[in-house]
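Only one structure is covered here, and it is reproduced in the block below.
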Amino acid sequence: MKIKNALEKNTKQAIVNKIVNYLDKNPGENVDKIFSAIKLLTKDKSALAQIEFVENYYNNDKSKHEFIQDILKNTDTKCLKKFFTNFFANANWYAGPKRQKYMDEENTKIPFVMLLSPSMRCPLHCKGCYASSYSKKDDIPPEEVDRIIGEARDLGIYYIIILGGEPFFNDYLLDIYEKYDDVMFTPFTSGLLLNEKIADRIKKCGNVIPMLSIEGFENDTDARRGKGTYQKVLKAMDMLHERGILFGVSSAVTRTNINTVLSDEFTDMLIEKGSKMSWYFLFMPVNGEDEDFNMMLTAEQRDYLGKRAREIRANKPYFTLDFFNDAPYVGGCIAGKYYFHVNSKEDVEPCIFSHFSTVNLKGRHLIDAFRDPFFKKLRSIQPYNKNMLRPCMMIDNTNVIINVCKEVGAKPDDSGAEKMLHDNEFHKKITKSAEDFVPYAEKTWDEVFKKKGNDNFAKG
Ligand code: SF4
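With the UniProt record's numbering as the guide, the letters of the sequence shown map in order to residues 1 to 460.
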């Protein structure tokens with residue numbers, strides 16, 4: 001058995017080396033060979049089907065052909081190679097079996113990605129930001145951040161999203177990216193602190209794909225994030241683009257900025273600036289204030305967000321991800337199963353928006369959170385709804401979070417989460433907005449998704 005495993009490992013490594021070689025010289029000319037080699041590495045049937053799906057798009061769809069060629073030709077070679085080795089080879093092919101071993105041996109699911117908020121310090125004070133409900137005082141000390149990332153990698157987690165707070169507030173994080181050079185990092189940043197020196201370090205690391213926050217054109221972005229922010233984000237994009245660093249943008253979609261954020265004009269501007277993807281998040285009522293509910297999308301807008309995200313993805317040389325409306329592709333809610341969040345107090349939470357926890361990492365190993373009944377319970381009842389366009393345990397299936405917290409003793413980490421569990425008025429409002437969405441979700445689930453999501457992923 002050991003010999004068979006060693007042979008398989010060597011074969012895999014030889015194929016990975018071959019692909020890296022293609023990426024080193026003339027990647028744009030070698031796309032067919034790259035696809036063939038990737039298929040050789042992929043054993044899992046559904047992953048193989050996805051690769052063939054992308055390959056088919058590349059061969060037959062003009063905008064996707066252009067998109068892939070642009071990435072291959074205009075990305076810095078080291079960044080391109082790191083994206084492939086860290087994200088595809090390490091996080092998937094190498095670490096997949098490593099994570100699976102815990103599942104097979106002890107029914108413990110090791111998530112694919114960790115979200116880590118080392119600090120909540122930020123130069124901005126954006127309306128509705130989940131970071132605003134944490135204390136800015138208790139940052140995770142750098143040596144603890146190092147320990148948590150080391151433990152995550154040992155467990156097979158090779159993709160880490162850095163949140164906060166502003167990730168570039170802490171210089172030592174660049175040393176961390178350098179130290180864990182086989183891991184892929186995505187800091188979500190306002191872009192305000194990016195300068196030429198930091199951009200040079202990111203390029204040197206190669207394993208960092210920043211996501212810049214932007215809420216539309218100048219008026220919308222500055223209204224939510226503060227005056228002057230928009231111009232600074234554009235400047236940050238230029239610094240990254242000039243160096244061939246892969247980057248994308250993230251937008252919190254609200255009742256007021258939705259039409260701008262989803263417009264052709266705005267998306268084309270981002271493509272022109274060098275962004276490769278947009279990640280759309282519904283504005284969430286995490287603080288439970290009236291103002292929050294007034295910024296939340298209406299049911300019709302939430303449905304429209306999904307429609308436009310799919311349209312842009314299909315028709316432009318660009319990738320879009322809609323955190324909620326794309327849930328059917330990943331089997332519904334992924335909280336505590338494929339991803340989780342460690343906040344700046346070191347509480348382990350199932351999702352960036354669900355501020356509930358049973359395990360704090362001070363003095364404890366990361367695996368304790370995955371072995372805990374909280375995450376196991378969530379996984380055992382996912383998907384929470386057979387219509388995977390209504391995936392959420394907080395805003396769609398509003399009793400789930402209350403019942404699970406009661407059953408496993410999970411505690412709220414902040415006042416917004418406290419309201420979600422114990423404030424009847426809040427519960428009524430969120431349940432009403434969930435009910436308003438039902439007819440839209442049913443129609444799209446039926447007409448667009450033919451009542452079918454990714455059941456394999458749903459099972460975990
Ligand atoms: S709990 Fe809601 S917000 Fe969090 S991952 Fe699940 S669906 Fe998304």
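Where is the CB? At the ideal position from N, CA and C, for every residue including glycine.
If contacts are defined as beta-carbon pairs under 8 angstroms, then residue i and residue j qualify, I think. What distance do you get, rounded to the angstrom?
i	j	result
residue 81	residue 23	5 angstroms
residue 184	residue 344	Contact doesn't hold; Cβ gap of about 22 angstroms is too wide.
residue 162	residue 187	4 angstroms
residue 282	residue 302	7 angstroms
residue 90	residue 158	4 angstroms
residue 274	residue 240	7 angstroms
residue 279	residue 323	7 angstroms
residue 164	residue 118	7 angstroms
residue 51	residue 34	Not confirmed; about 11 angstroms, so no contact.
residue 70	residue 439	40 angstroms between Cβ atoms; not a contact.
Note down the Cα distance separating residue i from residue j, rounded to an integer number of angstroms.
i	j	result
residue 404	residue 381	10 angstroms
residue 175	residue 182	13 angstroms
residue 272	residue 329	28 angstroms
residue 156	residue 77	26 angstroms
residue 429	residue 299	13 angstroms
residue 200	residue 408	47 angstroms
residue 10	residue 347	39 angstroms
residue 297	residue 204	40 angstroms
residue 254	residue 266	15 angstroms
residue 533	residue 15	No answer is possible for residue 533: the residues shown for the chain start at 1 and end at 460.
residue 426	residue 338	28 angstroms
residue 361	residue 59	47 angstroms
residue 460	residue 47	14 angstroms
residue 21	residue 43	22 angstroms
residue 179	residue 36	32 angstroms
residue 321	residue 307	12 angstroms
residue 38	residue 67	18 angstroms
residue 198	residue 363	32 angstroms
residue 333	residue 61	30 angstroms
residue 437	residue 450	18 angstroms
residue 286	residue 292	8 angstroms
residue 216	residue 423	33 angstroms
residue 147	residue 154	11 angstroms
residue 268	residue 443	30 angstroms
residue 168	residue 149	17 angstroms
residue 252	residue 326	15 angstroms
residue 177	residue 49	32 angstroms
Taking a contact to mean a Cβ-Cβ separation below 7 angstroms, would you say residue i touches residue j in this structure?
i	j	result
residue 209	residue 246	yes
residue 458	residue 383	yes
residue 356	residue 412	yes
residue 385	residue 445	no
residue 93	residue 41	yes
residue 352	residue 365	no
residue 73	residue 28	yes
residue 461	residue 276	Since the first residue of the chain shown is 1 and the last is 460, residue 461 is not available in this structure.
residue 218	residue 190	no
residue 194	residue 236	yes
residue 354	residue 394	yes
residue 229	residue 238	no
residue 336	residue 378	yes
residue 417	residue 374	no
residue 192	residue 232	yes
residue 398	residue 431	yes
residue 250	residue 213	yes
residue 389	residue 441	yes
residue 160	residue 211	no
residue 244	residue 85	no
State the beta-bridge partners of residue i as determined by DSSP.
i	result
residue 252	281
residue 359	348
residue 342	116 and 348
residue 297	In DSSP, residue 297 forms no bridge with anything.
residue 319	277
residue 354	351
residue 161	115 and 186
residue 335	339
Tell me, please, whether the CB atom of residue i is closer than 7 angstroms to any CB atom in chain B?
i	result
residue 262	No chain B is present in this structure, which holds just one protein chain.
Can you find a heavy atom of ligand 3 that lies under 6 angstroms from the Cβ of residue i?
i	result
residue 334	Summarising the ligand content, the structure contains ligand 1 and does not contain ligand 3.
| field | Start-end ranges of the alpha helix (DSSP H) lying completely within the stretch 33 to 119, minimum 4 residues | value | 45 to 60, 62 to 74, 77 to 82 and 95 to 106
| field | Any beta strand (DSSP E) of 3 or more consecutive residues that is wholly inside the stretch 388 to 446 | value | none
| query | Which parts of the stretch 174 to 220 are runs of the beta strand (DSSP E), unbroken and 3 residues or longer, counting only runs that do not cross its ends? | reply | 184 to 189 and 211 to 213
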